[in-house]
Amino acid sequence: MLLIPAAGRETMSDRASFLRGSLIESQTNTQGVVTILGSFDDRLSHLDAVMRPTQERTFGIRLAHENIDRTLRSADRILLHFDKCRKAENRIQRGLHEDIEGFMDAVNQLRSSSNFFRDNLKYESNTAMFTQVNTILSKAISKLELEFKTLLMSNSKLLDVQLLYESLPPRRSSKQSGSDLQVYELPTLISPRILPLLYQLVQQLAQSGRQIQCSKIYQDARSLKLEKCVQKFGLGNDKFTVDTVQEMQGSSLKERITDWTKCTRVTVLLLFAAERKLYDKIFQGIGKLNEEIFAEVTSASLRMIVNFVEVIVKCPHGPENLFIIFEMFDVIHELQSDIEITLKGNACAEKRTSFLMLRKQIAFTIQGILGKFPESIEKDPSKGVPSNGKVHPVNSYVMNYLKLLLDFLPSIRVFYKDFVIEDASNPETLVLNIMQALLTNLELKSKQYKDPALAHIFLMNNYHYIVLAVKDSKAKDLLGDDWVQKQRRIVQQNALMYKRESWKKILNALSIQTPGGTSEVSSGVSKEAVKDRFKSFNSQFEEIHQRQSEWIITHSELRESVRLSVNEILQPAYRSFLKRYRPVVERSRNLDKIIKYNPVTLDKMLGDFFEGKSVYVSKR
């Protein structure tokens, strides 16, 4: 424990007493300062209470001045709009024909003032003014609406059909891609000088909420002109029904379909495209309304085109109508890309589809005709055959038909590619089936001949005709060289069979069997036997000459070839017989009745064969 001395303790006590006294004095001084500061606070509070009313009066005066300024500015704006409305009303009352640009400026001013009064309806006077301005504005817009209609009707041209025909671009082939778009000049539907004004009018009507009225006016004006133009091509002028089509002769129907193909190309390539270009300019910026307007403008005209096809495909058609129906198929195929461009957008989707579906409907009609054609050939109802063995009409008909059909070969390939799903279905198979049906028909017809030789002449003529027709047509590429060579061999086979059937018997007359069983030995043959042989030859040859001179081998080279082949077997046999047996009957009376013909005469008479002429027997 630390001990502190007594003297030290006294010193510390004194110091503590001094320190305590100092602290008490400091506290007293602090309290005094606090008292003084409190008195200042009381004085400041009193001063603030005195100044507050003055401050409040000053703030109120400032607010009043600001309100007065705002009111004056509002009054100035109201008066300004009053003045502008008065001037705009005066301009509108003068009408729009004096200065249509000024008229539309006045409409814009009224529209601006209407918006101002609408936003300031808290002023009682503005409510009345808002109503008055809108009344004037409505009348002005009605005048613009009438002007839009008048300009459209008076400036829409009714186009010349012949000029439209002359403006058509060349046909695109089936091989050309739909993207290979051609460049050509579109017709002018409305004078270009009037288009900017029509555009401004549309904008004014759209800003005033008159889109529906505007579109109705445009639809009525343009669709009417377009419909009349299509009617000038012969569509829609009469009631075109299945019954009327069935009553038509082939040429009449062909004319109607030809008119349709021209009309459809003009309508899609020229008229629809020009319409699209026209209202793209007039309705620029209107958006969705634009597409809906175009859909309605083209609706009636497109319906006439579609209706025509729908009637045609409902009718039964024979092979004779196939080519004009293929024309329709080609036109729709050609115009696919143009329709997809012109009738674009959702608003035109239904109409675009209805047009493109025509191709499928026509394809089904084509498929029906092509499917039945080979069967109709095979079951050709004609009963008779040419009495002279010439080419049968069904043969020339089918080969001519096939030639015309193959002019559409690119279209046929498109047809099979797009619409026929059977693996074995293609142009090659089609042509082969047609030819097989024709050959079957000809073989059956040949059996109607009682004379086998004439039947072979008939087949030879017809097969030869087919060979030549195929060789000179596109069918050769489809059928192939082997097929053609096969038919050539059949021609040769029938020529050989003809010689056997016609000349076997007469050649037998030029041989004499001797008692010993040998032939051609004059020393052992009686005179009477030789006479009988000459007479038999004469009568048979006269009969063949008279009959086969009436027969026909159509092709000159084939005719000469057959004559030559006959001469090659007849002349040697006759010359040999004449040389051997003439001495036997040389001394007989009426020798000219026994030996009627010499080799030169025979050769000349063979020249009468297959000419299709009635002849009398020539002697020497």
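Numbering (my numbering), first residue to last: 23 to 642.
Just so it is clear, CB atoms sit at the ideal spot from N, CA and C, and this is done for glycine as well.
Note that the structure is predicted; figures quoted are calculated from it, not measured.
Within the same chain, Glu523 come within 6 Å of Pro474 by CB-CB distance, once the 5 residues on both sides are set aside.
Scanning the region 242 to 304 for uninterrupted beta strand (DSSP E) segments of 3 residues or longer gives nothing; none is fully contained.
It is roughly 44 Å from the alpha-carbon of Thr283 to the alpha-carbon of Ile512. In the three-state scheme derived from DSSP, where H, G and I count as helix and E and B as strand, Ser230 is classed as coil.
Annotated three-state conformation of Ile574 is strand, per DSSP. Per DSSP, reduced to three states, the secondary structure at Ser178 is strand.
When C-alpha distances from Pro621 are compared across Asn137, Leu592 and Tyr221, the shortest belongs to Leu592. In this structure, the beta-carbon distance from Ile308 to Ala228 falls below 8 Å. Looking at Asn484, Glu123, Thr375 and Gly256, the one whose alpha-carbon comes closest to that of Asn410 is Asn484.
Following the DSSP letters along the chain, one finds Ala369 in no alpha helix (DSSP H), marked with neither H nor E. Burial is judged here by how many other beta carbons sit within 10 angstroms of a residue's own beta carbon; Pro191 has fewer than 16 and is exposed.
Non-local beta-carbon contacts of Leu380 in its own chain, meaning distances under 6 Å to residues more than five positions away in sequence, involve Val331 and Ile354 in chain order. A straight line joining the alpha-carbon of Asp242 with that of Arg194 spans about 34 Å.
When the five nearest sequence neighbours on each side are left out, no beta carbon in the same chain lies closer than 8 Å to the beta carbon of Arg611. Looking at the DSSP output, Glu633 shares a beta bridge with Ile574. Excluding the 5 residues flanking it on each side, Asn368 has same chain C-beta neighbours closer than 8 Å at Glu313, in chain order. Secondary structure at Ile308: coil, using DSSP grouped into helix, strand and coil. Scanning its chain for C-beta atoms nearer than 6 Å, with the 5 sequence neighbours on each side dropped, one finds around Ile434 the residues Pro449, in chain order. If you draw a straight line from the Cα of Leu392 to the Cα of Thr320, it comes to about 34 Å. Of the residues Val489, Asn516 and Leu518, the one whose Cα lies closest to the Cα of Gln507 is Val489. Shown here for Lys299: same chain residues with a beta carbon closer than 8 Å to its own, the five before and five after excluded, namely Leu208 in chain order.
Judged by their CB atoms, Asn177 and Ile212 are nearer to each other than the 8 Å cut-off. Proximity to Cys370 across Glu356, Ser583 and Phe316 peaks at Phe316, based on C-alpha coordinates. If you check the CB distance, Ser571 and Asp630 come in under 8 Å. Only residues of its own chain outside the window of five on either side were considered, and among them Val264, Val267 and Gln268 have a CB closer than 7 Å to the CB of Cys337, listed in chain order. By the C-beta density criterion, Thr286 is buried, having at least 16 other C-beta atoms within 10 angstroms. Counting of Cβ neighbours within 10 angstroms places Ser533 among the exposed residues, the total staying below 16. DSSP lists Ser178 as the bridge partner or partners of Ile212. A residue is called buried once 16 or more other Cβ atoms fall within 10 Å of its Cβ, and Tyr520 is buried on that count. Your pair Leu223 and Glu169 checks out as a contact, with CB atoms roughly 6 Å apart and the cut at 8 Å. The continuous alpha helix (DSSP H) containing Val420 extends over residues Pro415 to Leu428. The beta carbons of Ser359 and Leu292 sit about 15 Å from each other, so the pair does not count as a contact at 8 Å. Cα atoms of Ala595 and Ala531: separation of roughly 10 Å, rounded to the nearest angstrom.
For Asp360, the secondary structure class from DSSP, reduced to helix, strand or coil, is helix. With respect to the 8 Å criterion, Leu173 and Leu217 are not classified as neighbours on the basis of their beta carbons. Closest by C-alpha distance to Ser230, out of Asn156, Tyr301, Arg278 and Gln458, is Asn156.
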